[in-house]
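Asker:
Number of protein chains: 2
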Amino acid sequence: MSSPDKVFDALASTTRRKILAYLRDRPLHAGAIAARFDMSAPAVSKHLSILEGAGLIWKRREGQFVLYGMDQGNLAGHLWAFMQEVCPPSRTLRREVRAEHEAGEGQPPEARRAE
Amino acid sequence: MSSPDKVFDALASTTRRKILAYLRDRPLHAGAIAARFDMSAPAVSKHLSILEGAGLIWKRREGQFVLYGMDQGNLAGHLWAFMQEVCPPSRTLRREVRAEHEAGEGQPPEARRAE
DNA sequence: TAATGAATTAACTGATTAGCTAAAAGGTGT
DNA sequence: ACACCTTTTAGCTAATCAGTTAATTCATTA
C-alpha cells in the first residue's frame, strides 16, 4: 500500500480524525486518548497504529505509558501534494504561467503537464 | 453521514482519487471515465455517485451521455477546513494569539480548547 | 414503435473493517 | 518472584465495501 493510500485510508475514519484533533496541541498517552472514546482500549490502539503506519503520528514509550503525538509536517505535506495534483491553479495564475512559458520557450504548456 | 465524513470517505479510494485527477482539467462523460479503468462501467458509476454525494463533482445529462466535472471549490474548502482543525498555526502566530487572549480575558488558553 | 447505445440500479459474492473479549507483553514497585 | 498497571496482540463476529453480471431507465434514430 503506497504512502498516500495509507494516509487517505487513515483519514477516512471519524475516530481517527478525532484522534488527530486531540493531538493537535500536545502529545497524549494512549490511555488518555482511549478515555475520550466510547470504545475499548484495544480498538483505540488499533486506530493509533493505523495513524502511525500512515506516518501521521509518532509514538514513544515512557515507562509503562506510551506517548503519541502528531507528525504535523507529514499530514500537511500529503494533503498539499494531493491538492496540487487535483486542484488546478486559478485561472489568472494559469494565464500568468502560460504567458511566461510562451515568452520563454517554444513549448505549449500542455506539453509540460504530468500525464 | 456528515459532510466531511462523506468527503473523506470518498477520498479514501484510489480509484476515486484517480477520477478526480482525470477531471482536474476538464469534464468527461461517464463512458470516457470508465474507459480508463480496468473495471466494469457499473463499478465506475458507483464511484461517481459517491464522489457526487460528497459534493466533490457535479453531473449533467447531455443527450444520452452524462457529463461529470469537478467541484473544485468544495474539495479545496473541505481540505482547508480539516487542515485548520488539525494543523496548529505556527509557533509565532500562536504566541501572538495567546498574548491577545491574555490581555483581553482572564481565561488561560487551555480552557478554550475543545474537550 | 422498435432497435440501439449510454448509464444506472438491483441483486449477489468475496474481502476488508471495526468493534468486542481474552490473553500476552512490557514496565514499576514491593 | 509477585502483584499491579498500561498497552498491544490474537481470535472472533457483524457490518460494510468493491467488484461482478443481469436487468432497467433514458435518449436517439430508423
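In the order they appear, the protein sequences are chains A and B.
UniProt numbering applies: residue 1 is where the first sequence begins, and numbers increase by one.
UniProt numbering applies: residue 1 is where the second sequence begins, and numbers increase by one.
Note that CB positions come from ideal geometry on N, CA and C, so glycine has one too.
#1: Nearest by alpha-carbon distance to Gly31/A: which of Asp25/A, Met39/A, Arg24/A is it?
#2: Taking the alpha-carbon of Met70/B as reference, which of Gln72/A, Val86/A, Lys6/A, Arg61/A has the nearest alpha-carbon?
#3: Can Asp5/B and Thr14/A be called in contact, C-beta distance under 8 Å?
#4: Interface residues of chain B around Asp5/A at Cβ under 7 Å?
#5: Where do the ends of the alpha helix (DSSP H) carrying Phe82/A lie?
#6: Evaluate Asp25/B with the Cβ neighbour count: other Cβ atoms within 10 Å of its Cβ, from every protein chain shown; 16 or more gives buried, anything less gives exposed.
#7: On the DSSP letters alone, give me the boundaries of the alpha helix (DSSP H) that Arg17/A sits inside.
#8: In whole angstroms, give me the CA-to-CA distance for Ser49/A and Phe65/B.
#9: Strictly by DSSP, which residues pair up with Phe65/A?
#10: Pull the bridge partners of Leu28/B from the DSSP assignment, please.
#11: Give the range of the alpha helix (DSSP H) segment to which Asp9/A is assigned.
#12: Shorter than 8 Å from the beta carbon of Leu48/A to some beta carbon of chain B?
#13: If you measure from the beta carbon of Gln72/A to each beta carbon in chain B, is any gap under 8 Å?
#14: Are there 16 or more other CB atoms within 10 angstroms of the CB of Arg17/B, so buried, or fewer, so exposed?
#15: Do the CB positions of Ala10/A and Leu67/A come within less than 8 Å of each other?
#16: Alpha carbons only, please: which of Ala35/A, His47/A, Gly53/A is nearest the one belonging to Ser2/A?
#17: Consider the Cβ of Met39/A: report whether some Cβ of chain B lies at a distance smaller than 8 Å.
#18: Which residues in the same chain have their Cβ closer than 8 Å to the Cβ of Ala41/A, if we skip the five residues on either side of it in sequence?
#19: Out of Leu28/A, Val7/A, Ala81/A, state which residue places its alpha-carbon closest to the alpha-carbon of Arg60/A.
#20: By Cβ distance, which residues of its chain are closer than 8 Å to Ser45/A, with the 5 residues on each side in sequence left out?
#21: By how many angstroms is the C-alpha of His78/A removed from the C-alpha of Glu62/A?
Answerer: With the structure as the only source:
#1: Taking the first sequence and counting its residues from 1, the one referred to as residue 31/A is at position 31. Ranking the options by Cα distance to Gly31/A, first place goes to Met39/A.
#2: Along the second sequence, read from residue 1 onward, the residue named residue 70/B stands at position 70. Measuring from the Cα of Met70/B, the nearest candidate turns out to be Val86/A.
#3: Translated into positions along the second sequence, residue 5/B becomes position 5. Translated into positions along the first sequence, residue 14/A becomes position 14. Contact flag set, yes.
#4: For this step, residue 5/A is matched to residue 5 along the first sequence. Neighbours of Asp5/A on chain B, chain order: Thr14.
#5: The count along the first sequence starts at 1 and reaches residue 82/A at position 82. Taken as a continuous stretch (DSSP letters only), the alpha helix (DSSP H) holding Phe82/A covers 72-86.
#6: By one-based count along the second sequence, residue 25/B stands at place 25. The residue is exposed, with fewer than 16 neighbouring Cβ atoms inside 10 Å.
#7: Start at 1 with the first residue of the first sequence, and residue 17/A comes out as number 17. Start and end: 14-23.
#8: Here the question's residue 49/A lines up with position 49 in the first sequence. Here the question's residue 65/B lines up with position 65 in the second sequence. If I take the Cα positions, the gap works out to 45 Å.
#9: Locating residue 65/A in the first sequence gives position 65, where the first residue counts as 1. Answer is Glu62/A, bridged to Phe65/A.
#10: For the purposes of this step, residue 28/B is taken as the residue at position 28 of the second sequence. In the DSSP output, where bridge partners are listed per residue, Leu28/B has Tyr68/B.
#11: Walking along the first sequence from the start, residue 9/A turns up at place 9. Its alpha helix (DSSP H) spans residues 3-11.
#12: Sequence index remark: in the first sequence, residue 48/A carries index 48 (1-based). Not closer than 8 Å to any Cβ of chain B, the Cβ of Leu48/A fails to qualify, so no.
#13: Stepping through the first sequence from its first residue, residue 72/A is reached at position 72. Yes, contact with chain B.
#14: Numbered from 1 along the second sequence, position 17 holds the residue referred to as residue 17/B. Classification for Arg17/B: buried.
#15: Taking the first sequence and counting its residues from 1, the one referred to as residue 10/A is at position 10. Taking the first sequence and counting its residues from 1, the one referred to as residue 67/A is at position 67. Contact: no.
#16: By 1-based counting over the first sequence, the position of residue 2/A is 2. Nearest option by C-alpha distance: Gly53/A.
#17: To locate residue 39/A, count along the first sequence from 1; it is residue 39. Chain B, which has no Cβ nearer than 8 Å to the Cβ of Met39/A, makes this no.
#18: If you number the first sequence from 1, residue 41/A lands on position 41. Ala30, Gly31, Ala34.
#19: Within the first sequence, residue 60/A is the residue found at index 60, counting from 1. Measuring from the Cα of Arg60/A, the nearest candidate turns out to be Leu28/A.
#20: Reading the first sequence from its first residue, position 45 is the one you call residue 45/A. Closer than 8 Å at the Cβ level, and outside the excluded window around Ser45/A, lie Ala30, Ala34.
#21: Within the first sequence, numbered from 1, the residue matching residue 62/A stands at position 62. Within the first sequence, numbered from 1, the residue matching residue 78/A stands at position 78. Rounded to the nearest whole angstrom, the CA to CA distance from Glu62/A to His78/A is 29 Å.
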